[in-house]
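Enquirer: Letter 580 of the sequence shown, counting from 1, is numbered 580 in full-length UniProt numbering, and no numbers are missing. A virtual CB, placed ideally from N, CA and C, is assigned to each residue, including glycine.
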Amino acid sequence: MTGKTLLIGVDVGGTNTDSVLIDPQQLGKTTEGILSWNKAVTTANVSEGIYKGISKLLSETNVNRSNIASVTIGTTHFINAIIEKDSSRLAKVAILRLCGPYSKKIPPFSDFPLGLRNILEGYVGFLKGGYHVDGNEIQPLDEDEIIKHAHEITSRGIKAIVVTGVFSPLKDTQELKVKEILENYIPGAKVVLSHTVSGIGFIERENASILNASIISFAEKIIHSFMTAVFKLGLNCPILLTQNDGTVLPANEALNLPIKTFSSGTTNSMRGASFLSNVHGKSAIVIDVGGTSADVGLLLPSGFPRQSSSYCDVGGVKMNFSMPHVESIGLGGGSIVRLFGDKVTIGPDSVGSDLLKRAKVCGGDTLTATDVAISQDDLNAPKIGDPTNLTSVYLTTKNMFNSEVKSMLEKIVDKIKTNPEDIPVLAVGGGSFIVPENLKGASAVIRPSYYNVANAIGAAMGKVSSEVHSIKYLPPTDGISKENYLDQLKIQAIEKAISKGALRSSIKIVFESYDPIPYVDNTFEFFIKTIAEVDYSKLKTSEGASYSLHYDEKDLSTMKNSQADYTDVDIDYMNYIPEINSKREWILSETDLEFLRIGTYILGCGGGGNPYSRFLETRNLLRDGHVVKIIDINDIRKYTKGEGAIVAGGSAGSPTVSNEQLSGDEMVTSYEFMTKFIGKNPELVFPFEIGGGNGLAVFPISSSAKLSIPVVDCDLMGRAYPTHCQTLQTVYSDDNSVFVPTVFSNGNGNTMIIADSKSDFLLEKVMRASLSEIGATVDVINPPMTADEVDLKTVHGSLSLAWRIGRAVRIGRQKSETSRMPEIILKSFGDTGSLLFTGKIVGVERKLFKGHVWGELILQGDEDFEGDRMIIPFKNENIYAKVIKNNDEKIVCSVPDLISVIDSNSGEAVGTPDYRYGLFVFVLGIAPSNKWTDTPKGLDIGGPKAFGLSEVEYNPIGVYSKPISVVEEFSRV
Numbered sequence: 001m002t003g004k005t006l007l008i009g010v011d012v013g014g015t016n017t018d019s020v021l022i023d024p025q026q027l028g029k030t031t032e033g034i035l036s037w038n039k040a041v042t043t044a045n046v047s048e049g050i051y052k053g054i055s056k057l058l059s060e061t062n063v064n065r066s067n068i069a070s071v072t073i074g075t076t077h078f079i080n081a082i083i084e085k086d087s088s089r090l091a092k093v094a095i096l097r098l099c100g101p102y103s104k105k106i107p108p109f110s111d112f113p114l115g116l117r118n119i120l121e122g123y124v125g126f127l128k129g130g131y132h133v134d135g136n137e138i139q140p141l142d143e144d145e146i147i148k149h150a151h152e153i154t155s156r157g158i159k160a161i162v163v164t165g166v167f168s169p170l171k172d173t174q175e176l177k178v179k180e181i182l183e184n185y186i187p188g189a190k191v192v193l194s195h196t197v198s199g200i201g202f203i204e205r206e207n208a209s210i211l212n213a214s215i216i217s218f219a220e221k222i223i224h225s226f227m228t229a230v231f232k233l234g235l236n237c238p239i240l241l242t243q244n245d246g247t248v249l250p251a252n253e254a255l256n257l258p259i260k261t262f263s264s265g266t267t268n269s270m271r272g273a274s275f276l277s278n279v280h281g282k283s284a285i286v287i288d289v290g291g292t293s294a295d296v297g298l299l300l301p302s303g304f305p306r307q308s309s310s311y312c313d314v315g316g317v318k319m320n321f322s323m324p325h326v327e328s329i330g331l332g333g334g335s336i337v338r339l340f341g342d343k344v345t346i347g348p349d350s351v352g353s354d355l356l357k358r359a360k361v362c363g364g365d366t367l368t369a370t371d372v373a374i375s376q377d378d379l380n381a382p383k384i385g386d387p388t389n390l391t392s393v394y395l396t397t398k399n400m401f402n403s404e405v406k407s408m409l410e411k412i413v414d415k416i417k418t419n420p421e422d423i424p425v426l427a428v429g430g431g432s433f434i435v436p437e438n439l440k441g442a443s444a445v446i447r448p449s450y451y452n453v454a455n456a457i458g459a460a461m462g463k464v465s466s467e468v469h470s471i472k473y474l475p476p477t478d479g480i481s482k483e484n485y486l487d488q489l490k491i492q493a494i495e496k497a498i499s500k501g502a503l504r505s506s507i508k509i510v511f512e513s514y515d516p517i518p519y520v521d522n523t524f525e526f527f528i529k530t531i532a533e534v535d536y537s538k539l540k541t542s543e544g545a546s547y548s549l550h551y552d553e554k555d556l557s558t559m560k561n562s563q564a565d566y567t568d569v570d571i572d573y574m575n576y577i578p579e580i581n582s583k584r585e586w587i588l589s590e591t592d593l594e595f596l597r598i599g600t601y602i603l604g605c606g607g608g609g610n611p612y613s614r615f616l617e618t619r620n621l622l623r624d625g626h627v628v629k630i631i632d633i634n635d636i637r638k639y640t641k642g643e644g645a646i647v648a649g650g651s652a653g654s655p656t657v658s659n660e661q662l663s664g665d666e667m668v669t670s671y672e673f674m675t676k677f678i679g680k681n682p683e684l685v686f687p688f689e690i691g692g693g694n695g696l697a698v699f700p701i702s703s704s705a706k707l708s709i710p711v712v713d714c715d716l717m718g719r720a721y722p723t724h725c726q727t728l729q730t731v732y733s734d735d736n737s738v739f740v741p742t743v744f745s746n747g748n749g750n751t752m753i754i755a756d757s758k759s760d761f762l763l764e765k766v767m768r769a770s771l772s773e774i775g776a777t778v779d780v781i782n783p784p785m786t787a788d789e790v791d792l793k794t795v796h797g798s799l800s801l802a803w804r805i806g807r808a809v810r811i812g813r814q815k816s817e818t819s820r821m822p823e824i825i826l827k828s829f830g831d832t833g834s835l836l837f838t839g840k841i842v843g844v845e846r847k848l849f850k851g852h853v854w855g856e857l858i859l860q861g862d863e864d865f866e867g868d869r870m871i872i873p874f875k876n877e878n879i880y881a882k883v884i885k886n887n888d889e890k891i892v893c894s895v896p897d898l899i900s901v902i903d904s905n906s907g908e909a910v911g912t913p914d915y916r917y918g919l920f921v922f923v924l925g926i927a928p929s930n931k932w933t934d935t936p937k938g939l940d941i942g943g944p945k946a947f948g949l950s951e952v953e954y955n956p957i958g959v960y961s962k963p964i965s966v967v968e969e970f971s972r973v
């Protein structure tokens, strides 16, 4: 930074634009590093607002402009365009999928809110192409097909295009080729390739790519306006934009990936609070109060916010990004205060940017939080209006207000805390004057100097990050170990950071992992992340003049001028009643399906695959007019003739692959081949395991127009297990081979029948070996069973139980009772289990053995289990849970009991592929069906011995409670 020592930070919010001029060498030591600051109302023309703000900084300090090393800007405009569903700022998007025969039942936009989908959906094309996880092509590209789609996109006037290829993060060749063709045929096309946006997880990666494409044109205008403002000021320095992880990226990179800036505002405030306070190297809670809400998060000793899970939700759209874990409440400077007798309410509605018009202190008729603060002579409150307008604010009102604010903030602080010890609380943001000086659970409430522009300070002090993601086949014959390859990726990550402007000597690798891909020999998924200081002297200077010429001033407005007319329906989950027709058939609705999605994953005990894609597939079928019927097991004889007429189905293979290679017609194909082989049409179907995605796997058969077969409310496990052999059908059979014939298909021209086998164990080995050759995921149909066999050899009411679990979670969230979620979920099981642990994931180890992912999850206890640790070994599913207290170890639960790890923030299951460091969870142990525990054979097949753990003694967690059938309960309503 020779000759350039000063930084400018700007945070452009919906209400205010904050700016600061900083000497970074002083800021880490004292707030004297803040040379000048400014807060002003955000202007319609962003360029004008930034220009005025920075001009004031420079005029007040009279610094040499050549000493400005960078201008870093944070903005909420891009994410607000999505959240507000603003069609004036969002472009129609065309999506081309390179998928071959896969994914057509889950087209793009399947999980978008209807209003947002109506704005963005422009064109969808399914093309040949895509890769299997081993790098082989699913199908080769067809150039004529691509050109045909290009002409169709052109005819619709669409310029924003997303190209999503199956396993493109593994191999990007096809996506790059398609982009080349599109740009030749569509002048001015803005092509987003999904592999540049995020990693494995097809739906989430495509969703993120769509949002990114939709805002590129708007982002260009805004970013160019940033550049224009800086250029007009005569600043010859790089322009950076902030990301949500507290790091920055050059403006030219943000032009292509504006989505990287989503939700950076709160992160900027938390990072600014870290620099302004004296809690360096310690954890602290940050309360960032604006005009409408208070955003609360945990600042880690590293000075960065604690992150949430690997997924996030923006505007109702699921993406595979990690966002800061932030809890928000409707409490801000503009919050409306209402009196009801001896009670007071604050928010959640706010006067927002109309404070100067509507607040009583300014002559308005609305009592706000700012009014009450000013009426108490709060020195931190803004100096606005005429305090004599507040003589009607009585002492009792002030006291009730103070008590309510204190209660609201103490609850949210307690929710964010990770242990019972008092912790510093940092109050920042323009509305933080309402934060009281003392809070229960806070060792101190600190409102640092310049608290009201902490967001701009955090922006100015952003660092550089880089990420490298790879899936690699490492055969032993190559002589390259996982560790060797990881070292190569570390070098790549470092070089990538340097290319983005990192100071080489400061680069730190903050995260590294490698996980085996199930059923794909010697194949691993690697991830590296670095963080470093910015080397401003190496960054290119943004040329604002050339950009400014492309746009008229009127194009730089960010003020919203149109709104989608569509709103998504809110469901009253507490009073929802499922539809049971006169035949005692449960007609599945979208709400029922949502309950099943949540419940089946909790029943998966970590395995069974994430049901999300199966959920979307079935929901699309329902929306297309298809019907899924579920019947009570007591009614099965109405549908059968007493012969082998009932089949079980599900998926087998790698959850990693199924999350990327979305299903095609595998299930229906397997079913049809089974009917040909046995020479008759099965009349009923049911999932062979209720846990995970397999709980929903047979719904395509039920909803198929040419099949339309009811689903029986039962399964063979009552949970998820890693092998076909671990079923009640095996427990209650003397034959060593009960699963022949078995049919399985990969949906790409490969369907196999195992007609006979000496044992189910051998059948399992053959099927697992085949998986690695045909794409690592298949759908399976088991041999037919009679009604008597189904009655004896299944867990009854499995779908009903999953439904009740999901309903309980949804009601708990709707009532804002996530803190009671363990109790709520256990109650849905009939109180047949207990809470085993609450805490944070601090370690995950995985290895692949004979197709299955074996591993160990390590948890650190929170305030209820302070100082304790829990170890959970897993083989696809969780096997047992061991608590380590001081030096004592005790196994508190083991198979066949259900051990489910659940996200503390949402109440939803965390599967073994989703285990990530830093995720806060609770662990439940739940009693299994008594059919597993009533016989020695059941415990041999489903208990610890089945996993080679003869030393582990099974001790029941509770007494099984048979779930109440949905059909039985609601057919009487």
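1) Alpha helix (DSSP H) containing R972: first to last residue?
2) Alpha carbon to alpha carbon, what distance is there between L409 and V344?
3) Using DSSP with H/G/I as helix, E/B as strand and the rest coil, what is Y51?
4) If you count every other CB in all the chains shown that lies within 10 Å of the CB of E180, and 16 or more means buried, which is it?
5) Kindly indicate which residue of G74, P913, V901, L898 has the alpha-carbon position closest to the one of M461.
6) Candidates G315, T591, K496, G679: which alpha carbon is nearest E84's?
7) So, for Y880: in the same chain, excluding its five sequence neighbours on each side, which residues have a beta-carbon less than 8 angstroms away from its beta-carbon?
8) Taking all protein chains shown into account, decide if V372 is buried (16 or more other Cβ within 10 angstroms of its Cβ) or exposed.
9) If you run the structure through DSSP and keep just helix, strand and coil, what is C362?
10) For the 8 angstroms Cβ check, are there 3 or more pairs between the segment 206 to 225 and the segment 154 to 172?
11) Considering only DSSP beta bridges, list what T523 is partnered with.
12) When the Cα atoms are used, what is the spatial distance from R636 to I709?
13) Report buried or exposed for T591, applying the criterion of at least 16 other Cβ atoms within 10 angstroms of its Cβ.
14) Report yes or no: do three or more beta-carbon pairs, one from the segment 4 to 21 and one from the segment 46 to 61, lie closer than 8 angstroms?
15) How long is the line joining the alpha carbons of N955 and V883, rounded to whole angstroms?
16) Between T292 and T173, what straight-line distance do the alpha-carbon atoms span, to the nearest angstrom?
17) State the DSSP-derived secondary structure class of R261, mapped to helix, strand or coil.
18) For L474, which residues of its own chain have a beta-carbon under 8 angstroms away from its beta-carbon, when the five flanking residues on both sides are left out?
19) Classify A442: buried if its beta carbon has 16 or more other beta carbons within 10 angstroms, exposed otherwise.
20) Is it buried or exposed, V966, if we count other Cβ atoms within 10 angstroms and call 16 or more buried?
21) Mind listing, in chain order, the continuous alpha helix (DSSP H) runs of no fewer than 4 residues lying wholly within the segment 86 to 162?
22) Could you tell me which residues DSSP puts in a beta bridge with C714?
23) CA-CA distance, H195 and P169?
24) What did DSSP end up calling I872 once you bin it into helix, strand or coil?
25) Does the structure place the segment 263 to 275 close enough to the segment 284 to 304 that three or more beta carbon pairs sit under 8 angstroms?
26) Compute the Euclidean distance between the alpha carbons of L439 and A284, then round it to the nearest angstrom.
27) What would DSSP say about Y485, mapped onto helix, strand or coil?
28) Tell me the residue span of the alpha helix (DSSP H) that contains F829.
29) Whose C-beta lies closer than 8 angstroms to the C-beta of S277 among residues of the same chain, with five residues either side of it excluded?
30) Is it buried or exposed, Y394, if we count other Cβ atoms within 10 angstroms and call 16 or more buried?
31) Please report the distance separating the alpha-carbon of S961 from that of G925.
32) Identify the continuous alpha helix (DSSP H) that holds G599 and give its terminal residues.
33) Since I believe T794 is in contact with L716 (beta carbons under 8 angstroms), could you give me their beta-carbon distance rounded to a whole number of angstroms?
34) Evaluate the contact criterion for the segment 730 to 750 versus the segment 694 to 702: three or more CB pairs, one atom per stretch, below 8 angstroms.
35) Report buried or exposed for V133, applying the criterion of at least 16 other Cβ atoms within 10 angstroms of its Cβ.
36) According to DSSP, simplified to helix, strand and coil, what is D862?
Expert: The short version:
1) Counting along the chain, R972 falls outside any alpha helix (DSSP H), and DSSP gives it neither H nor E.
2) 15 angstroms
3) helix
4) exposed
5) G74
6) G315
7) I872, P873, I891, C893, S894, V895, I899, P944, L949, V952
8) buried
9) helix
10) yes
11) Y473
12) According to the sequence provided, residue 636 is Ile. The question's Arg does not apply to it. When rounded, the distance between both Cα atoms is 12 angstroms.
13) buried
14) yes
15) 15 angstroms
16) 47 angstroms
17) In the sequence under discussion, the amino acid at residue 261 is Thr, which differs from the Arg named in the question. Three-state result, T261: helix.
18) I480, S481, K482, Y485, N522, T523, F524
19) buried
20) buried
21) 114 to 120, 143 to 155
22) H796
23) 5 angstroms
24) strand
25) yes
26) 13 angstroms
27) helix
28) Per DSSP, F829 belongs to no alpha helix (DSSP H) and is neither H nor E.
29) A284, P424, L426, I446, P448
30) exposed
31) 14 angstroms
32) 590 to 603
33) 6 angstroms
34) no
35) buried
36) coil
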